[in-house]
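In order, the protein sequences belong to chains A and B. Using UniProt numbering, you'd call the opening residue of the first sequence number 1 and step up by one each time. Using UniProt numbering, you'd call the opening residue of the second sequence number 1 and step up by one each time. Let me begin by presenting the structure, written as C-alpha cells, before commenting on it.
There are 2 protein chains.
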Amino acid sequence: MSSLAEVARRAGVSKATASRALSGAAHVSPAAKERVAAAAAELGYVVSSTAASLVTGRTKNVGVITPFINRWFFAEVLEGIEGALIKAGYDLTLFRLPSEPEQRSRLFHYFLVRKRVDAIVCVGVELAPSEVQLIQALRRPAVGIGGAIPGITTMCIDDEQASRLATRHLIGLGHTRIVHVGGDLDAQLDFHVHARRLAGFRAALDDAGIEHPDDFRPTTFSVPGGYEAAMALLADPESRPTAIVAGCDEIAIGAITAARQLGIVVPSGLSVVGIDDHPYAAMFGLTTVRQRPGEQGEQAVDLVMRAMTDVDADLPPRAIDIPIDLVVRTSTTAPPPS
Amino acid sequence: MSSLAEVARRAGVSKATASRALSGAAHVSPAAKERVAAAAAELGYVVSSTAASLVTGRTKNVGVITPFINRWFFAEVLEGIEGALIKAGYDLTLFRLPSEPEQRSRLFHYFLVRKRVDAIVCVGVELAPSEVQLIQALRRPAVGIGGAIPGITTMCIDDEQASRLATRHLIGLGHTRIVHVGGDLDAQLDFHVHARRLAGFRAALDDAGIEHPDDFRPTTFSVPGGYEAAMALLADPESRPTAIVAGCDEIAIGAITAARQLGIVVPSGLSVVGIDDHPYAAMFGLTTVRQRPGEQGEQAVDLVMRAMTDVDADLPPRAIDIPIDLVVRTSTTAPPPS
DNA sequence: TTGTATGCGTTATCAG
DNA sequence: CTGATAACGCATACAA
Numbered sequence: 001m002s003s004l005a006e007v008a009r010r011a012g013v014s015k016a017t018a019s020r021a022l023s024g025a026a027h028v029s030p031a032a033k034e035r036v037a038a039a040a041a042e043l044g045y046v047v048s049s050t051a052a053s054l055v056t057g058r059t060k061n062v063g064v065i066t067p068f069i070n071r072w073f074f075a076e077v078l079e080g081i082e083g084a085l086i087k088a089g090y091d092l093t094l095f096r097l098p099s100e101p102e103q104r105s106r107l108f109h110y111f112l113v114r115k116r117v118d119a120i121v122c123v124g125v126e127l128a129p130s131e132v133q134l135i136q137a138l139r140r141p142a143v144g145i146g147g148a149i150p151g152i153t154t155m156c157i158d159d160e161q162a163s164r165l166a167t168r169h170l171i172g173l174g175h176t177r178i179v180h181v182g183g184d185l186d187a188q189l190d191f192h193v194h195a196r197r198l199a200g201f202r203a204a205l206d207d208a209g210i211e212h213p214d215d216f217r218p219t220t221f222s223v224p225g226g227y228e229a230a231m232a233l234l235a236d237p238e239s240r241p242t243a244i245v246a247g248c249d250e251i252a253i254g255a256i257t258a259a260r261q262l263g264i265v266v267p268s269g270l271s272v273v274g275i276d277d278h279p280y281a282a283m284f285g286l287t288t289v290r291q292r293p294g295e296q297g298e299q300a301v302d303l304v305m306r307a308m309t310d311v312d313a314d315l316p317p318r319a320i321d322i323p324i325d326l327v328v329r330t331s332t333t334a335p336p337p338s
Numbered sequence: 001m002s003s004l005a006e007v008a009r010r011a012g013v014s015k016a017t018a019s020r021a022l023s024g025a026a027h028v029s030p031a032a033k034e035r036v037a038a039a040a041a042e043l044g045y046v047v048s049s050t051a052a053s054l055v056t057g058r059t060k061n062v063g064v065i066t067p068f069i070n071r072w073f074f075a076e077v078l079e080g081i082e083g084a085l086i087k088a089g090y091d092l093t094l095f096r097l098p099s100e101p102e103q104r105s106r107l108f109h110y111f112l113v114r115k116r117v118d119a120i121v122c123v124g125v126e127l128a129p130s131e132v133q134l135i136q137a138l139r140r141p142a143v144g145i146g147g148a149i150p151g152i153t154t155m156c157i158d159d160e161q162a163s164r165l166a167t168r169h170l171i172g173l174g175h176t177r178i179v180h181v182g183g184d185l186d187a188q189l190d191f192h193v194h195a196r197r198l199a200g201f202r203a204a205l206d207d208a209g210i211e212h213p214d215d216f217r218p219t220t221f222s223v224p225g226g227y228e229a230a231m232a233l234l235a236d237p238e239s240r241p242t243a244i245v246a247g248c249d250e251i252a253i254g255a256i257t258a259a260r261q262l263g264i265v266v267p268s269g270l271s272v273v274g275i276d277d278h279p280y281a282a283m284f285g286l287t288t289v290r291q292r293p294g295e296q297g298e299q300a301v302d303l304v305m306r307a308m309t310d311v312d313a314d315l316p317p318r319a320i321d322i323p324i325d326l327v328v329r330t331s332t333t334a335p336p337p338s
C-alpha cells in the first residue's frame with residue numbers, strides 16, 4: 001500500500017536514496033540507511049515487484065512447463081525446482097502443458113509470451129521446432145529436464161543406459177528369459193523415454209547373445225498399468241519369463257503385486273527390476289536404477305540462474321548427463337532351475 | 001520486444017486507440033480495430049503484463065500455497081486449480097510452504113507480499129492467526145482447501161464424517177474388532193485431518209456400542225507407512241483385528257500389501273477400507289470413501305474468480321462442504337467366523 | 001469514435 | 001554519498 005515515496009519522505013531522504021538503501025545496491029551512509037529501514041518497517045513497506053520489473057526488465061520469476069503434476073517423477077522434479085528457486089528469491093509460475101494441441105499452442109502464444117518470466121524450465125516435454133523457436137525468441141535462458149531438445153540445454157539420465165544396467169544385472173544373475181514391461185511406444189507424449197528404455201534392454205540382451213522374441217509388453221507408466229500387463233504376461237506358467245525389466249518403478253510394483261496375487265514368489269519365482277528408485281521401492285524390496293529427480297530440478301535452476309547472472313554466459317548447448325546407479329534390493333535373484 | 005507505441009504507429013492510430021482495440025474494452029471503429037490487429041500480428045506484439053499490472057493493479061496471477069507437491073491429494077488439487085486458472089487466463093504462482101518456521105515466515109513476509117497475486121488459494125495448510133492477518137492485509141480474496149481456517153473461506157470434506165462412513169460400513173458387515181491405522185497425531189502439519197478421522201472412527205464405534213481398546217495405530221500417510229504399521233499390527237494372529245479403517249488409501253494399500261505378505265487373504269481374512277479413492281484403489285479392489293480433490297481445486301478457483309470480478313461480492317466466510325461417497329469394492333466383507 | 005496527457009512505483013542516469 | 005529527473009509500457013480520464 002505504501003510507496004517508496006512515503007518511505008523516503010518519512011526518512012527525510014529522496015526516493016533515490018531510499019531505493020538504494022533498501023536494495024543495498026549502491027553506497028548509502030549508514031545513518032541514512034538506518035532511517036530508511038526504520039521508516040520502511042514502520043510503514044510495512046514492500047517493493048512493488050511489478051514496478052521494479054517494468055524498469056529493470058527482470059521479474060524474479062521463472063516459468064516451469066510440465067505435462068503432469070501428479071506423477072512421481074514430475075512432482076519430484078517440481079519440488080526440487082521450487083526449493084532452489086525460493087532459495088534464490090524467485091517465484092515459480094507453473095504451466096501444465098495441455099495435451100490438446102489447441103490449448104498447448106495457447107500456452108505458448110498467450111501465457112509464455114507475457115514477459116513475465118526471466119527463464120524457463122521444461123520438464124519432460126518434447127518441444128516441436130516451432131515451439132523451440134518461440135522460446136528462443138523470448139531471449140530468456142531455458143533448460144529442459146528429461147530428454148534432449150535440439151536447441152535447448154537439457155539435463156537427463158541416459159535412459160538407454162539405465163535399462164541396460166537393469167537388464168545386465170539380471171543377465172549377470174543368470175536370467176535368459178526376460179521381458180520388458182514398459183511404456184507404450186505410441187503414448188510417449190514426453191520424450192522417447194519408452195523407446196529408449198526398450199532399446200537399452202534389447203541392447204543388453206544382444207550384447208549377451210541372448211535371443212529375445214516376444215520380449216516387450218507395452219502398458220501405461222503406472223502401478224495399475226504394470227499390474228495389468230503382468231497379470232496377462234504371467235498367467236501362463238509355460239511361457240512365463242523368469243525376470244521382468246520394468247520401464248519404471250511404478251510398473252515394477254504393479255508387476256510384483258500381480259505376481260503375488262498369482263502365487264508367484266518374488267524373487268525366487270520371478271525377478272523384477274525397475275527404474276527410478278521411487279519412495280515405495282524400498283518397501284517392495286525393489287531392485288532398481290536410481291535417478292534423483294529432485295536434484296535434476298535443482299541443477300536446472302542452477303543452470304538458468306548462472307545464465308541469468310553471469311554476463312550472458314551462454315548455456316552449454318549439449319545435453320548434460322545425470323548420474324544413475326543400480327540399487328540392489330531383494331526383488332532379484334538367480335532364476336529358478338528349469 | 002515491440003511496444004504498443006510501435007503497433008499504434010504502424011496502424012496509424014494513437015496509443016490509446018491501439019490499446020482499446022487490443023483489449024476490446026471500449027468502442028473502436030471496425031476499420032481501426034482491423035488495422036491495429038494486423039499491425040500487432042505483423043510485429044508479434046504482446047502486452048507487457050508488468051506494465052499493465054502497474055497501472056491496473058491487477059496481475060492476472062493467483063498464488064497457491066501448499067505444503068506438498070508430491071502427495072496425491074495435493075497434486076490432484078493443484079491440477080484442478082491449474083486447469084481452472086489457465087482457462088480463465090490466469091497464471092499460477094506456486095509456493096510450497098516450508099516446514100521450517102523461519103522459511104515459512106519468509107514465504108509470508110517476502111514472497112506473498114510482493115503484490116504479484118490477485119488472489120490466494122491455500123491447500124492443506126493450517127494458518128496461524130498472524131498469517132491469516134497477513135493475508136487479509138493483502139486485501140485479496142483468499143480461499144482454503146482441506147480444512148477450516150478461521151477468517152478465511154475454506155472448502156473441505158467432513159473428515160469425521162468420512163471415517164465414520166467407512167467405519168459404519170464395516171460395522172454393518174458385522175465387524176467388531178476394528179483398528180484405525182491413521183496419521184500420527186503429532187505430525188499433522190496440515191489440518192487436524194488425522195485427529196478428525198480418528199474421532200469419526202471412534203464415534204462410529206461408540207454409536208454402535210462397540211468397545212474399542214487399543215484401537216489406533218499411528219503411522220505416516222503413505223503406502224510404506226501403512227505397510228509397516230500393518231505388519232506390526234497383523235503379526236500376531238491372536239490379537240489381530242478383523243478389519244482396518246485406514247486414514248487414507250495409501251495407508252490402506254500398504255496394509256493390504258502387508259496382509260498379503262503375511263498370507264492373510266483380503267477380504268476373507270481381513271477387511272480394509274480407505275479414504276480418498278486414489279487412482280490405485282481400483283486395482284487393489286479397495287473399498288473407500290471418495291473425495292474429488294481436483295474438483296475442490298476447480299471450485300476454489302471459481303470462488304476467488306467470483307470474488308475478484310463481481311463487485312467485491314465478499315466470499316462466504318463459512319466453510320463449504322464437499323460431498324463424499326462410499327465406493328464399495330472387494331476389500332471388505334463380513335468377518336470370518338471366530 | 002479518437003487523441004492527449006497523466007500517472008502507476010520503481011530503478012538508473014546523471015549532476016552535484 | 002545524495003538528489004533531481006527521466007524512463008519503463010501501458011491504461012484511462014478527459015477533451016475534442
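Ideal placement from N, C-alpha and C gives every residue a C-beta, glycine not left out.
Just to make sure I have the definition right: I need the residues of chain B whose C-beta is within less than 8 Å of the C-beta of S49 (chain A). Which are they? Counting from 1 along the first sequence, the entry for residue 49 (chain A) is found at position 49. When 8 Å is used as the limit between beta carbons, S49 (chain A) is near these residues of chain B: R114, K115, R116, in chain order.
Going along chain B, which residues have a C-beta under 8 Å from R96 (chain A)? As a first step, residue 96 (chain A) must be located in the first sequence, where it is residue number 96. By Cβ distance, chain B contributes E79, E82, G83, I86.
R168 (chain A), enclosing alpha helix (DSSP H) - first and last residue: As a working note, residue 168 (chain A) is residue 168 in the first sequence. Going by DSSP, R168 (chain A) is part of the alpha helix (DSSP H) stretching over 159 to 173.
CB V289 (chain B) to CB I322 (chain B), shorter than 7 Å? Within the second sequence, numbered from 1, the residue matching residue 289 (chain B) stands at position 289. Within the second sequence, numbered from 1, the residue matching residue 322 (chain B) stands at position 322. In this structure, I322 (chain B) does not lie closer than 7 Å to V289 (chain B) by Cβ.
7 Å Cβ cutoff, Y45 (chain A) in contact with chain B: Residue 45 (chain A) sits at position 45 when you count from the first residue of the first sequence. Not an interface residue.
Quick check: what's the CA-CA separation for S222 (chain B) versus C156 (chain A)? As a working note, residue 222 (chain B) is residue 222 in the second sequence. As a working note, residue 156 (chain A) is residue 156 in the first sequence. Looking at the two C-alpha atoms, the distance is approximately 28 Å.
Residue burial classification, Q136 (chain A) (beta-carbon count within 10 angstroms, cutoff 16): Counting from 1 along the first sequence, the entry for residue 136 (chain A) is found at position 136. Q136 (chain A) comes out exposed.
By Cβ distance, which residues of its chain are closer than 7 Å to G63 (chain B), with the 5 residues on each side in sequence left out? Taking the first residue of the second sequence as position 1, residue 63 (chain B) is located at position 63. Cβ within range, chain order: T93, F95, L112, V117, I120.
Relative to the C-alpha of A88 (chain A), which candidate in A:P101, A:N61, A:H278 has its C-alpha closest? Position 88 of the first sequence holds residue 88 (chain A). That would be A:N61, whose Cα lies nearest to the Cα of A88 (chain A).
Can you round the beta-carbon distance between A204 (chain B) and R168 (chain B) to whole angstroms, since I take them to be within the 8 Å contact cut? Residue 204 (chain B) sits at position 204 when you count from the first residue of the second sequence. Residue 168 (chain B) sits at position 168 when you count from the first residue of the second sequence. Right, their Cβ atoms sit about 5 Å apart.
Exposed or buried, which one is Y110 (chain A) when buried takes at least 16 other CB atoms within 10 Å? Here residue 110 (chain A) refers to the residue found at position 110 of the first sequence. The residue in question, Y110 (chain A), is exposed, as its Cβ has fewer than 16 Cβ neighbours within 10 Å.
Pick out the complete beta strand (DSSP E) segments inside the segment 199 to 238 of chain A, 3 residues or longer, and give them in chain order. 216 to 219
Using a cut-off of 7 Å between C-beta atoms, extract the partners of P241 (chain B) located in chain A. As a first step, residue 241 (chain B) is located in the second sequence; it is residue number 241 there, counting from the start. The contacting residues do not exist; P241 (chain B) stays about 21 Å from chain A at best.
Is D215 (chain A) closer than 7 Å to H180 (chain A) when the C-beta atoms are compared? The residue labelled residue 180 (chain A) in the question sits at position 180 within the first sequence. The residue labelled residue 215 (chain A) in the question sits at position 215 within the first sequence. Closer than 7 Å, so yes.
Suppose the cutoff is 6 Å on Cβ atoms and the five residues either side in sequence are ignored; what does the same chain contact list for A162 (chain A) look like? Start at 1 with the first residue of the first sequence, and residue 162 (chain A) comes out as number 162. When the five nearest sequence neighbours on each side are left out, the beta carbons in the same chain lying within less than 6 Å of the beta carbon of A162 (chain A) are those of I275, V289, I324, in order along the chain.
Among the candidates B:A41, B:A25, B:S23, B:A18, whose CA atom is the shortest distance from the CA of A32 (chain B)? Taking the second sequence and counting its residues from 1, one reaches residue 32 (chain B) at position 32. The residue with the shortest Cα to Cα distance from A32 (chain B) is B:A18.
Cβ atoms of V123 (chain A) and T66 (chain A): under 7 Å apart, would you say? For the purposes of this step, residue 66 (chain A) is identified with residue 66 of the first sequence, where counting begins at 1. For the purposes of this step, residue 123 (chain A) is identified with residue 123 of the first sequence, where counting begins at 1. Their beta carbons are under 7 Å apart, which means T66 (chain A) touches V123 (chain A) by this criterion.
Alpha carbon of S29 (chain A) to alpha carbon of S14 (chain A), nearest angstrom: Taking the first sequence and counting its residues from 1, the one referred to as residue 29 (chain A) is at position 29. Taking the first sequence and counting its residues from 1, the one referred to as residue 14 (chain A) is at position 14. In a straight line, the C-alpha of S29 (chain A) is about 13 Å away from that of S14 (chain A).
Could you tell me whether the segment 72 to 91 of chain A touches the segment 286 to 301 of chain A, where touching means 3 or more Cβ pairs closer than 8 Å? yes
Buried or exposed (CB count within 10 angstroms, at least 16 for buried), T330 (chain B): Translated into the one-based positions of the second sequence, residue 330 (chain B) becomes position 330. So T330 (chain B) ends up on the exposed side.
List the residues of chain A that P224 (chain B) touches, going by C-beta distances under 8 Å, in chain order. For the purposes of this step, residue 224 (chain B) is taken as the residue at position 224 of the second sequence. Simply P279, Y280, A282, M283.
Through-space distance from D159 (chain A) to G151 (chain A), alpha-carbon basis: Numbered from 1 along the first sequence, position 151 holds the residue referred to as residue 151 (chain A). Numbered from 1 along the first sequence, position 159 holds the residue referred to as residue 159 (chain A). Going by the C-alpha atoms only, they are around 20 Å apart.
Leaving out the 5 sequence neighbours to the left and right, which residues in its chain are closer than 6 Å to V196 (chain B) when beta-carbon positions are compared? Stepping through the second sequence from its first residue, residue 196 (chain B) is reached at position 196. Per the sequence presented here, residue 196 (chain B) reads as Arg, with Val not at that position. Cβ neighbours of R196 (chain B) beyond the five flanking positions: D159, E160.
Applying the 10 Å Cβ sphere with the 16-neighbour rule, what's the burial state of H27 (chain B)? Counted from its first residue, the second sequence places residue 27 (chain B) at position 27. Answer is exposed; the Cβ neighbour count stays below 16.
Y227 (chain A) CB to nearest chain B CB: under 7 Å? The sequence position of residue 227 (chain A) within the first sequence is 227, counting from 1. Yes, because at least one Cβ of chain B sits closer than 7 Å to the Cβ of Y227 (chain A).
Considering Cα atoms alone, identify which of B:V301, B:A282, B:L233 is closest to residue 341 (chain B). Not covered by the structure: residue 341 (chain B). The range shown for chain B is 1 to 338.
I244 (chain B) versus chain A: which residues are under 7 Å apart at the beta carbon? The residue you call residue 244 (chain B) lines up with position 244 of the second sequence. Going along chain A, no residue has its Cβ under 7 Å from I244 (chain B), so there is no contact; the nearest lies around 17 Å.
Measuring alpha carbon to alpha carbon, tell me which of A:G83, A:F201, A:P98 ends up nearest A300 (chain A). As a working note, residue 300 (chain A) is residue 300 in the first sequence. It is A:G83.
Cα separation between N70 (chain B) and E34 (chain A)? Residue mapping note: residue 70 (chain B) aligns to position 70 of the second sequence, counting from 1. Residue mapping note: residue 34 (chain A) aligns to position 34 of the first sequence, counting from 1. So the two alpha carbons sit approximately 43 Å from each other.
With DSSP as the reference, identify every bridge partner of S268 (chain B), one or two as the case may be. Taking the second sequence and counting its residues from 1, the one referred to as residue 268 (chain B) is at position 268. DSSP lists no partner for S268 (chain B).
Using a Cβ-Cβ distance under 7 Å, would R20 (chain A) count as near chain B? Reading the first sequence from its first residue, position 20 is the one you call residue 20 (chain A). Taking Cβ atoms only, chain B never reaches closer than 7 Å to R20 (chain A), which makes this a no.
Taking a Cβ distance cut-off of 9 Å, strictly less, list which residues of the segment 125 to 144 of chain B are near chain A, in chain order. A137, R139
From which residue to which residue does the beta strand (DSSP E) around I149 (chain B) run? Within the second sequence, residue 149 (chain B) is the residue found at index 149, counting from 1. Unbroken run through I149 (chain B): none, as it is neither H nor E.
Here's the rule: buried if 16 or more other CB atoms are within 10 angstroms of the residue's CB, otherwise exposed. What is E298 (chain A)? Position 298 of the first sequence, counted from the first residue, corresponds to residue 298 (chain A). E298 (chain A) should be labelled buried.
Closer than 8 Å by beta-carbon distance: list the chain B residues that pair up with S53 (chain A), in chain order. Numbered from 1 along the first sequence, position 53 holds the residue referred to as residue 53 (chain A). Per Cβ cutoff of 8 Å: T50.
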